[in-house]
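First up is the structure itself, then whatever we jot down about it.
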Amino acid sequence: HGLWEDNRPPFSAPAIWDFAFWAVVGIVLGGRVGYVLFYNLPYYAANPGAIIALWDGGMSFHGGLVGIMLAMAGFTRFHKGNILSGFDLLGAIATIGLFLGRVANFVNAELWGAPTTLPWGIIFPNDPEGLPRHPTQLYEALLEGVLLFVLIAFLARRTRALKRPGLIAGIFGIGYAVSRIFVEFFRLPDIQVGYLYGGWLTMGMVLSVPILLAGAGLVIYALRPSRGD
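Here my numbering = 1-based position in the sequence shown + 1062.
Take a look at the structure:
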């Protein structure tokens, strides 16, 4: 408790199990809606019944992030906690989910990257071209998962970051967005979307920009000199 502002976490430890349910709901609904809107809207507009066919795949991280943030905001408000501290908690644990998710993408041989001649290029079994490719899933696992986790864990445990609500969430947003935009240069875009401009701009980059800006805004807000420092 001493890590948080006024020694108050966003909600009690037992309540986190209740939040887990709403987190799953937020991720699934947000992820699906985000995928429908940003990655394959023409198809789903013509086949609205397919929207609920979650077993056919199609989830957007960016949509899932919005969904779980809405779930956290509602849950924290219900428990009369600080919503920004709730977002900080999300930022602290999201890196673990990102790491596991990207490793799962690698194991499932999905979301692989562009061809490469680098020695760590991977030939994925479902690649019809059979070319060594950037293992972009592992790039993201290392950047968004491991490195961002280490940074946030250090700030949370060794500094007073959690006493400034929104700071950890902002750092997560910046770290995720920068990592995702960087990896997108090596990752193939979704087939049905392709490149949005110039053979390099992808939907993943575009959707990461608002996260970057929101993260920067949270950091600036959290560090504002209005706390008697």
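Quick reminder that beta carbons are idealized off the backbone N, C-alpha and C, glycines included.
Quick one: what does DSSP say Leu1180 is sitting in, helix, strand or coil?
-> coil
Going by C-alpha distance, which of Val1090, Leu1204, Leu1210 and Val1095 is nearest Pro1110?
-> Val1095
Near Gly1277, what residues of its chain come up, given a Cβ to Cβ distance below 6 Å and the 5 sequence neighbours on each side ignored?
-> Gly1232, Gly1235 and Ile1236
Below 6 Å CB to CB, which residues in the same chain sit around Gly1148 once its five sequence neighbours on both sides are set aside?
-> Pro1072, Met1134 and Thr1138
Assuming Thr1198 and Leu1162 form a contact by the criterion Cβ under 8 Å, report the distance between their Cβ atoms to the nearest whole angstrom.
-> Incorrect: roughly 16 Å between the Cβ atoms, too far for contact.
Check whether the Cβ atoms of Gly1183 and Pro1190 sit closer than 8 Å, and answer yes or no.
-> no
Round the Cβ separation of Arg1286 and Gly1266 to the nearest angstrom and send it over; I've been treating them as touching at under 8 Å.
-> That belief does not hold up - the Cβ atoms of Arg1286 and Gly1266 are roughly 31 Å apart, past 8 Å.
Within the 8 Å Cβ cut-off, does Asn1144 reach chain E?
-> Structure shown: chain E not included; a single protein chain is present.
Straight-line gap, Ile1158 to Leu1091 (C-alpha atoms, nearest Å) = 20 Å
Tyr1101, DSSP secondary structure in three states = Looking at Tyr1101 - three-state DSSP - the assignment turns out to be helix.
Where does the unbroken alpha helix (DSSP H) through Ala1154 begin, and where does it stop?
-> Ile1145 to Val1169
DSSP three-state call for Tyr1259: helix, strand or coil?
-> strand
What residue range is occupied by the uninterrupted alpha helix (DSSP H) comprising Thr1058?
-> Within the shown structure, residues of the chain are numbered from 1063 to 1291, placing residue 1058 beyond reach of any answer.
Within this structure, are the beta carbons of Gln1254 and Tyr1101 separated by less than 8 Å?
-> yes
Would you please state the rounded distance, in angstroms, between the beta carbons of Tyr1259 and Pro1251? I believe it to be under 8 Å.
-> 11 Å between Cβ atoms; not a contact.
Is the CB-CB distance between Arg1219 and Ala1284 below 8 Å?
-> no
Quick one: using the 10 Å Cβ neighbour count with 16 as the cut-off for buried, is Phe1083 buried or exposed?
-> exposed
Does DSSP classify Arg1226 as helix, strand or coil?
-> DSSP places Arg1226 in the coil class of the three-state scheme, outside both helix and strand.
Environment of Phe1247 [buried if 16+ CB atoms lie within 10 Å] | Result: exposed.
Tyr1097 versus Val1086, Leu1152 and Leu1127, residue with shortest Cα-Cα distance | Ranked by Cα distance from Tyr1097, the first of Val1086, Leu1152 and Leu1127 is Leu1127.
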